[in-house]
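> Numbering (my numbering), first residue to last: 21 to 555. Ideal Cβ positions, reconstructed from N, Cα and C, are used throughout, including at glycine. Please read all numbers here as calculations on a predicted model, not as lab measurements. Quick one: structure below, then a few questions.
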Amino acid sequence: MGASAGYRGAARERTARRCCAAFGVLLALLLSGCARLPTEPAPRAEVLPRDVTGTTTLGSRVMALGAAHGSDSGVRLLDTGRDAFLERVALIEVAERSIDAQYYIWNSDATGRYMAARLYAAAQRGVRVRLLLDDINVGGRDDVLALLDQHPNIEIRIYNPALERSGLRWAFGFLREFSRLNRRMHNKSFTVDGSVTILGGRNIGDEYFDAHAELNFRDRDVVAVGPVVADTGNMFDAFWNSALARPVTEFGNGARAGDLGSRAAQAAADSERLAQLFGTLPQDAAAALAHVAQSMGAMLWAPARLVHDDPPSGAALADSSLTQASAAALGQVAAGAREEILIESAYLVLDQQSVEAIRAMHERGVRLRVLTNSLASNDVTANHAAYARRREAILASGVELHEMRPDAASCRSLVLNGSACGREHIFGLHAKTFVFDRRTVYVGSLNLNLRSRFLNAESGLVIESPELAAQIAADIELNMAPANSWRVVADERGRAQWLEGEGSAATTLHQEPRASWSRRASTAVIAAFPLEKYL
């Protein structure tokens, strides 16, 4: 090597060292600037007693209905997006005392903005509104939420927030506090006047209510009255009063968001568009009460219990090795199954221990049938990649596996907006439902994946009702039909292949159906890494 080449090499080495040193200083500054989440809870809000005396319109109706049903709860499925949306907005209009809403995602789209506007209107007439949102989707909306929070009857808290809100500081802060920020609140509940609650898989957003132009989800909720409502209220209070739930005013400044009057035109446009899609919206108490009364009249009464995880604290916040309460409770129900388990789960991400447990159930004669997303219908490629890593092992364990088609024919019977059910659109699965021996059902937020088992807080209802089980089982089986899903089977070498069509007319496909080359390639790359627990 010549002298000049050696000089250039040394210069490059010195430059590299200086760059590394500068990066190290920058990293240290960024990390040192990251604040820590307070360990003490935010000030407690006034706790309103449950409406057990029937002092509100909803409370009196629930008392009258429940008088003949003892400790049973009344439940009704919210199967379509339209039904789920109208049930929520009708309850908002009927509310007289309180609305407590706990969600993983609340989008700033037509349905999300409309519901926020109606919550504000409820606060205007004296209803206390508490909104608890996971931080996962809050980014960039701190100021708008803080503006709503300025109303004396509205309080908004952000669950497990990143204290650095944007840019590189957010990225480094996330790395620094990964064990905390990796724990998310995936619960979904909507409780009005301490008398009626909605639990299930839906977040708040157009795609969950069949109102999106390109992507809509097959999802499921339950509206419930009776003993499970008080349990849901206690769950909400536990998260609300957790040290991880921080007032939005710690991050946002309402003054920066302008005034609510400037948003009136958008609210009017949202109302008009949604009325065109769903029909007349119940914006007055009389119409809303008629809707709610009809809903309550259609309820089934059955033994039901809320299963949920508690907000982690202390050492438990950093310990992701223990199965959480929701997953453990469902595991116990599954262990008691004797004949069949039907599962509908948007994400199916298992470890080897889970696969072996499934194999053991299969060997003792339990038939396991699972419907999950295909790559083409899945909204998260990384989740599909983690599932694909063990898909062949899942098949070998005895599972009868079906993957949702993005052009499922059932879309047209569920989604009012038929123009969103074409080949160029996506109809994906978001429901999280289990049916055990056609007698017991779970409807909630828990996916059959490792994140739900170890990391996310989840919630849902376990309901003992053969009638409800038959209804849900029929719906799951409908979506397992060839017009709505592909049957996944193993070839003679154990590799996955997909059956399209039925009987002798079925076509065998040897790669992920209806997925682009680039998406199949990215799935293969991600599947090479053991990331199952974080997806």
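Measure the Cβ-Cβ separation of ALA166 and ASN273 and say whether it is below 7 angstroms.
Residue 166 sits at position 146 when you count from the first residue of the sequence shown. Residue 273 sits at position 253 when you count from the first residue of the sequence shown. Cβ distance < 7 angstroms, so ALA166 and ASN273 count as in contact.
> Return the residue from the list LEU475, ILE492, ASN469 that minimises the CA-CA distance to TYR462.
Locating residue 462 in the sequence shown gives position 442, where the first residue counts as 1. Here the closest residue by C-alpha is ILE492.
> For my contact list, ASP154 and ARG204 are in at a C-beta cut-off of 8 angstroms; report their separation, rounded to the angstrom.
Indexing the sequence shown from 1 puts residue 154 at position 134. Indexing the sequence shown from 1 puts residue 204 at position 184. With 8 angstroms as the limit, ASP154 and ARG204 qualify as a contact, their Cβ atoms being about 6 angstroms apart.
> For PHE298, report the span of its alpha helix (DSSP H) as first-last.
Within the sequence shown, the letter at position 278 stands for residue 298. That run of the alpha helix (DSSP H) goes 284–298.
> In the DSSP output, which residue or residues are listed as bridge partners for MET424?
Stepping through the sequence shown from its first residue, residue 424 is reached at position 404. Its beta-bridge partners are ASN393, SER505.
> Under DSSP, the beta strand (DSSP E) around LEU152 begins and ends at which residues?
Indexing the sequence shown from 1 puts residue 152 at position 132. 148–154 is the extent of the beta strand (DSSP E) around LEU152.
> Going by C-alpha to C-alpha distance, which of PRO61, ALA541, PRO502, ALA510 sits closest to SER524?
Taking the first residue of the sequence shown as position 1, residue 524 is located at position 504. Of the candidates PRO61, ALA541, PRO502, ALA510, the one whose C-alpha sits nearest the C-alpha of SER524 is PRO502.
> With GLU423 and SER465 assumed to form a contact (beta carbons below 8 angstroms), what rounded beta-carbon distance in angstroms separates them?
Along the sequence shown, one-based indexing puts residue 423 at 403. Along the sequence shown, one-based indexing puts residue 465 at 445. In fact, because the Cβ distance is near 21 angstroms, the residues do not count as touching under 8 angstroms.
> What are the boundary residues of the alpha helix (DSSP H) that ARG238 is part of?
Taking the sequence shown and counting its residues from 1, one reaches residue 238 at position 218. ARG238 -> not in any alpha helix (DSSP H); beta strand (DSSP E) instead, spanning 235–238.
> Quick one: using the 10 Å Cβ neighbour count with 16 as the cut-off for buried, is GLY101 buried or exposed?
Within the sequence shown, the letter at position 81 stands for residue 101. GLY101 is buried by the Cβ-count criterion.
> Could you check how far apart the C-beta atoms of ASP213 and GLY79 are, in whole angstroms? I think they sit under 8 angstroms.
Numbered from its first residue, the sequence shown carries residue 213 at position 193. Numbered from its first residue, the sequence shown carries residue 79 at position 59. Right, the Cβ-Cβ distance comes to about 6 angstroms (below 8 angstroms), so this counts as a contact.
> Using 10 angstroms around the beta-carbon of SER209, count the other beta-carbons present and answer buried if the total reaches 16, otherwise exposed.
If you number the sequence shown from 1, residue 209 lands on position 189. By the neighbour-count rule (16 or more Cβ atoms within 10 Å), SER209 is buried.
> Would you tell me roughly how many angstroms separate the C-alpha atoms of ASN236 and LEU391, rounded to the nearest one?
Here residue 236 refers to the residue found at position 216 of the sequence shown. Here residue 391 refers to the residue found at position 371 of the sequence shown. Straight-line Cα distance between these residues: approximately 17 angstroms.
> If you run the structure through DSSP and keep just helix, strand and coil, what is PRO302?
One-based indexing of the sequence shown puts residue 302 at position 282. Coil.
> For HIS311, which of helix, strand or coil comes out of DSSP?
Locating residue 311 in the sequence shown gives position 291, where the first residue counts as 1. Three-state DSSP puts HIS311 in a helix.
> Could you check what DSSP says for SER215 in three-state terms: helix, strand or coil?
For the purposes of this step, residue 215 is identified with residue 195 of the sequence shown, where counting begins at 1. If DSSP states are grouped into helix, strand and coil, SER215 belongs with coil.
> Kindly indicate which three-state DSSP category ILE125 falls into: helix, strand or coil?
Numbered from 1 along the sequence shown, position 105 holds the residue referred to as residue 125. The answer is coil: DSSP assigns ILE125 none of H, G, I, E or B.
> Within 10 Å of its beta-carbon, does ARG515 have 16 or more other beta-carbons around it, so buried, or fewer, so exposed?
One-based indexing of the sequence shown puts residue 515 at position 495. Result: exposed.
> Any contact of the stretch 226–235 with the stretch 102–122, i.e. 3+ C-beta pairs under 8 angstroms?
With a cut-off of 8 angstroms, the stretch 102–122 and the stretch 226–235 count as touching, because enough Cβ pairs lie within range.
> Could you give the DSSP three-state label for GLN144: helix, strand or coil?
Against the sequence shown, residue 144 aligns to sequence position 124. Three-state DSSP puts GLN144 in a helix.
> Measuring straight from C-alpha to C-alpha, what distance separates HIS530 and VAL508?
Taking the first residue of the sequence shown as position 1, residue 530 is located at position 510. Taking the first residue of the sequence shown as position 1, residue 508 is located at position 488. The alpha-carbon atoms of HIS530 and VAL508 are separated by roughly 10 angstroms.
> Would you call the stretch 408–416 in contact with the stretch 191–206, where contact means no fewer than 3 C-beta pairs closer than 8 angstroms?
They do not touch, by the three-pair rule.
> Helix or strand or just coil, what does DSSP make of ARG38?
Residue 38 sits at position 18 when you count from the first residue of the sequence shown. Because the pLDDT at ARG38 is just 46, under 50, the model does not fix this residue reliably, and the value given afterwards should be weighed accordingly. Correct three-state label for ARG38: helix.
> Indicate whether SER118 and ARG138 have their beta-carbon atoms separated by less than 7 angstroms.
Position 98 of the sequence shown holds residue 118. Position 118 of the sequence shown holds residue 138. Cβ distance not < 7 angstroms, so SER118 and ARG138 don't count as in contact.
> Considering only residues of the same chain and omitting the five flanking positions on each side of LEU362, which have a CB-CB separation below 6 angstroms?
Within the sequence shown, the letter at position 342 stands for residue 362. For LEU362, where only same-chain residues beyond five positions count, the Cβ hits under 6 angstroms are ARG389, VAL455, ALA493, ILE496.
> Specify whether the stretch 368–377 and the stretch 468–478 touch according to this definition: at least 3 beta carbon pairs, one from each stretch, less than 8 angstroms apart.
Taking 8 angstroms as the limit for Cβ pairs, the verdict is that the stretch 468–478 does touch the stretch 368–377.
> For THR265, does the three-state DSSP call read helix, strand or coil?
Your numbering for residue 265 matches position 245 in the sequence shown. It should be pointed out that residue 265 corresponds to Ala in this sequence rather than to Thr. In this structure, ALA265 counts as strand in the three-state DSSP scheme.
> Within 10 Å of its beta-carbon, does PHE198 have 16 or more other beta-carbons around it, so buried, or fewer, so exposed?
Taking the first residue of the sequence shown as position 1, residue 198 is located at position 178. So PHE198 ends up on the exposed side.
> Based on Cα-Cα distance, which residue from PHE298, PHE271, ALA318, THR269 lies nearest to GLU487?
In the sequence shown, residue 487 corresponds to position 467, counting from 1. GLU487 has its Cα closest to that of ALA318, out of PHE298, PHE271, ALA318, THR269.
> Assign GLU10 to one of two classes, buried (16 or more other C-beta atoms within 10 Å of its C-beta) or exposed (fewer than that).
Any answer about residue 10 is impossible in this case: the structure gives the chain only from 21 up to 555.
> Cα separation between LEU350 and ASP329?
Locating residue 350 in the sequence shown gives position 330, where the first residue counts as 1. Locating residue 329 in the sequence shown gives position 309, where the first residue counts as 1. Approximately 12 angstroms between the Cα atoms of the pair.
> Starting from the Cα of ASN157, find the closest Cα among TRP126, ARG133, GLN352 and give me that residue.
Position 137 of the sequence shown, counting from 1, holds the residue named residue 157. With distances taken between Cα atoms, ASN157 lies closest to TRP126.
> In whole angstroms, give me the CA-to-CA distance for ARG384 and GLN352.
Residue mapping note: residue 384 aligns to position 364 of the sequence shown, counting from 1. Residue mapping note: residue 352 aligns to position 332 of the sequence shown, counting from 1. The straight-line gap from Cα to Cα measures roughly 16 angstroms.
> Looking only at its chain, what residues have a beta carbon closer than 6 angstroms to the beta carbon of ASN476, apart from the 5 residues adjacent to it on each side?
Indexing the sequence shown from 1 puts residue 476 at position 456. So the list reads ARG204, HIS206, once near-sequence residues are dropped.
> Whole-angstrom Cβ separation of PHE474 and THR343, contact assumed at under 8 angstroms?
For the purposes of this step, residue 474 is taken as residue 454 along the sequence shown, with counting starting at 1. For the purposes of this step, residue 343 is taken as residue 323 along the sequence shown, with counting starting at 1. That pair is a contact at about 7 angstroms.
> Assess, as a yes-or-no matter, whether the stretch 288–303 is touched by the stretch 57–64 under the definition of 3 or more beta carbon pairs within less than 8 angstroms.
No, they do not touch.
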